[in-house]
Amino acid sequence: MHMRAVVEHRVSAQDAYVLGRTQREYERLTRQAQIWEPATRQALLQAGLSQGHSVLDVGCGPCDVMRLMAEYVGPAGRVFGMDVDAVLASHAIEQLSQSGPDVYSLIAGDITDVTQVSQAPFDLVFARLLLFHIDDPAAVLRRLWEWVRPGGALLIMDYDITVTRSAAQIPVIERTLRLCNDTFRRCGRDIEIGTRIPSLFLEAGIGTPDACNVSSVMLPAAPSTHMLRDLLDSLRPQILRHRLADERALTRLEFDLRAAAGCDSFMRWPDLTATWKRKPEADAVN
Ligand SMILES: C[S@@+](CC[C@H](N)C(=O)[O-])C[C@H]1O[C@@H](n2cnc3c(N)ncnc32)[C@H](O)[C@@H]1O
Numbered sequence: 462m463h464m465r466a467v468v469e470h471r472v473s474a475q476d477a478y479v480l481g482r483t484q485r486e487y488e489r490l491t492r493q494a495q496i497w498e499p500a501t502r503q504a505l506l507q508a509g510l511s512q513g514h515s516v517l518d519v520g521c522g523p524c525d526v527m528r529l530m531a532e533y534v535g536p537a538g539r540v541f542g543m544d545v546d547a548v549l550a551s552h553a554i555e556q557l558s559q560s561g562p563d564v565y566s567l568i569a570g571d572i573t574d575v576t577q578v579s580q581a582p583f584d585l586v587f588a589r590l591l592l593f594h595i596d597d598p599a600a601v602l603r604r605l606w607e608w609v610r611p612g613g614a615l616l617i618m619d620y621d622i623t624v625t626r627s628a629a630q631i632p633v634i635e636r637t638l639r640l641c642n643d644t645f646r647r648c649g650r651d652i653e654i655g656t657r658i659p660s661l662f663l664e665a666g667i668g669t670p671d672a673c674n675v676s677s678v679m680l681p682a683a684p685s686t687h688m689l690r691d692l693l694d695s696l697r698p699q700i701l702r703h704r705l706a707d708e709r710a711l712t713r714l715e716f717d718l719r720a721a722a723g724c725d726s727f728m729r730w731p732d733l734t735a736t737w738k739r740k741p742e743a744d745a746v747n
């Protein structure tokens with residue numbers, strides 16, 4: 462059995478996190494992860510993840526991607542997760558280790574503060590839905606790239622949520638999407654970050670990505686409005702703080718979303734882009 466090393470770093474970003482840290486939000490993340498599992502598996506395979514690899518998932522949250530990674534790296538591999546929310550990630554890793562191979566370790570910390578990790582370099586450095594929450598994503602990309610071993614890869618998956626809409630223009634879905642987008646913007650989040658990742662690779666000095674694939678899904682009203690109700694709940698403190706809606710309006714919106722769950726319609730979800738690049742072997746001499 463491997464010993465799980467828990468390295469503690471400062472956790473300064475925790476309080477500013479726009480989605481909050483409630484049980485309901487954690488469950489929303491795991492339901493969302495199920496939706497993106499096929500696209501994520503495809504991206505991991507395309508980036509070359511395989512048996513025996515050592516991999517780092519930055520902003521691992523409830524560790525749903527780490528579970529997939531463990532399948533590909535097998536018992537001889539290592540799967541490290543890093544998150545500023547050490548409580549969530551350590552609990553998730555504990556659960557994963559009980560039900561599968563003991564290949565997991567947590568590096569608790571804020572990626573904007575952690576400049577070195579003793580476990581680097583990795584065969585794959587990965588981050589999904591992390592850069593959306595980062596003020597200087599190019600600086601973080603530069604750091605993640607440093608932690609990729611020559612011949613290894615950096616794979617970034619993130620959202621462009623500007624494309625989300627209901628297929629039949631359901632007013633309450635449209636209203637909710639506008640409110641969520643406005644809230645993210647007011648909190649300084651870049652809601653098109655997924656589309657900007659390839660340019661950010663260039664800005665970070667990583668170079669032109671080897672590939673950038675865009676995935677989306679259309680889902681029926683019931684799961685879509687469920688996700689929107691949970692998202693509204695997570696964003697509620699920020700919506701109120703920025704006076705984008707009051708308690709009464711939020712209660713009404715939640716009620717109308719429940720009613721719309723039975724609609725015979727679909728929602729187009731955000732674009733999830735998967736951008737990756739392999740580090741040249743020649744970098745070994747640098
Ligand atoms: C939207 S969740 C995504 C979780 C997971 N990657 C997924 O795709 O399901 C973003 C995660 O990034 C973490 N996070 C945000 N800012 C961070 C930072 N500066 N350093 C490390 N983790 C951070 C949050 O705590 C949260 O768990």
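Its first residue numbered 462, the sequence shown is counted upward by one per residue in this note's numbering. For each residue, glycine too, the CB sits at the ideal point set by N, CA and C. All values reported here derive from a predicted model rather than from experimental measurement.
Start-to-end residues for the alpha helix (DSSP H) that takes in residue i
{"i": "I700", "result": "682 to 702"}
{"i": "R539", "result": "From DSSP, R539 is part of no alpha helix (DSSP H) but of the beta strand (DSSP E) over 539 to 544."}
{"i": "A553", "result": "547 to 560"}
{"i": "I496", "result": "484 to 496"}
{"i": "L661", "result": "654 to 664"}
{"i": "A531", "result": "525 to 534"}
{"i": "L638", "result": "632 to 647"}
Residue closest to residue i, alpha-carbon to alpha-carbon, out of the options
{"i": "F645", "options": "F593, C673, G612, L680", "result": "F593"}
{"i": "A550", "options": "G538, S560, P536, I568", "result": "I568"}
{"i": "L719", "options": "P698, D691, D732", "result": "Per the sequence shown, the amino acid found at residue 719 is Arg instead of Leu. Taking only the C-alpha atoms, the option nearest R719 is D691."}
{"i": "P659", "options": "A599, S560, E635", "result": "A599"}
{"i": "S522", "options": "T625, I554, D584, V578", "result": "What sits at residue 522 in the sequence shown is Gly, not Ser. The shortest Cα separation from G522 among T625, I554, D584, V578 belongs to I554."}
{"i": "H514", "options": "L585, N642, L701, R650", "result": "L585"}
{"i": "S443", "options": "C673, E653, W606, P684", "result": "Residue coverage of the chain in this structure runs from 462 to 747, which leaves residue 443 outside it and unanswerable."}
{"i": "S676", "options": "Y478, W497, S560, T483", "result": "W497"}
{"i": "A710", "options": "C724, L680, P741, R636", "result": "R636"}
{"i": "D621", "options": "Q630, L638, P632", "result": "L638"}
{"i": "D717", "options": "R702, T686, D725", "result": "T686"}
{"i": "R502", "options": "G666, V534, P681", "result": "V534"}
{"i": "A477", "options": "I595, L701, T625, M688", "result": "I595"}
{"i": "V633", "options": "E532, C724, T573, R482", "result": "C724"}
{"i": "D732", "options": "Y487, Q495, A500, R485", "result": "A500"}
{"i": "T573", "options": "R604, P670, I667, G509", "result": "R604"}
{"i": "S558", "options": "Q495, F662, D525, S579", "result": "D525"}
{"i": "Q495", "options": "M688, E742, L701", "result": "M688"}
{"i": "G520", "options": "D563, Q512, V575", "result": "V575"}
{"i": "F587", "options": "S726, M527, R702", "result": "M527"}
{"i": "D597", "options": "F662, D707, P562", "result": "F662"}
{"i": "G509", "options": "V564, D671, R482", "result": "D671"}
{"i": "S437", "options": "P562, M543, Q556, H552", "result": "For the chain, the structure presents residues 462 to 747; residue 437 sits outside this window and is missing."}
{"i": "A629", "options": "Y487, A682, T669", "result": "A682"}
{"i": "S511", "options": "T623, I654, E532", "result": "E532"}
Supposed contact pair residue j and residue i - C-beta distance, whole angstroms, cut 8 Å
{"i": "L505", "j": "L529", "result": "6 Å"}
{"i": "W608", "j": "L480", "result": "At roughly 25 Å, the Cβ-Cβ gap does not stay under 8 Å, so W608 and L480 are not in contact."}
{"i": "L602", "j": "K738", "result": "L602 to K738, Cβ: 10 Å. No contact."}
{"i": "D571", "j": "V545", "result": "5 Å"}
{"i": "L705", "j": "D651", "result": "Actually they are not in contact, since the Cβ atoms of L705 and D651 sit about 18 Å apart, beyond 8 Å."}
{"i": "L693", "j": "E664", "result": "Going by Cβ atoms, the distance from L693 to E664 rounds to 33 Å, so no, they are not a contact pair."}
{"i": "T712", "j": "C673", "result": "Contact flag wrong, Cβ pair sits at about 41 Å."}
{"i": "G648", "j": "Q699", "result": "In the sequence under discussion, the amino acid at residue 648 is Cys, which differs from the Gly named in the question. Rounded, the Cβ-Cβ distance is 6 Å, consistent with contact."}
{"i": "S560", "j": "F541", "result": "Actually they are not in contact, since the Cβ atoms of S560 and F541 sit about 19 Å apart, beyond 8 Å."}
{"i": "V678", "j": "W730", "result": "5 Å"}
{"i": "D641", "j": "L590", "result": "What sits at residue 641 in the sequence shown is Cys, not Asp. The Cβ separation is near 14 Å, so there is no contact."}
{"i": "G538", "j": "F583", "result": "11 Å between Cβ atoms; not a contact."}
{"i": "M618", "j": "L680", "result": "About 18 Å; that fails the 8 Å criterion."}
{"i": "I631", "j": "A721", "result": "6 Å"}
{"i": "T734", "j": "T656", "result": "7 Å"}
{"i": "P611", "j": "P741", "result": "7 Å"}
Residue span of the beta strand (DSSP E) that contains residue i, given as start and end
{"i": "V675", "result": "672 to 676"}
{"i": "Y565", "result": "565 to 569"}
{"i": "A706", "result": "Premise fails: A706 is in no beta strand (DSSP E) and is neither H nor E."}
{"i": "V516", "result": "515 to 519"}
{"i": "A735", "result": "732 to 739"}
{"i": "R650", "result": "Neither: R650 is in no beta strand (DSSP E) and is coded neither H nor E."}
Proximity test, residue i beta-carbon vs ligand 3 heavy atom, cut-off 7 Å
{"i": "H552", "result": "You won't find ligand 3 in this model; what it holds is ligand 1."}
(message) So within the segment 583 to 622, which uninterrupted alpha helix (DSSP H) runs reach at least 4 residues, ignoring any that extend past its ends?
(response) 598 to 607
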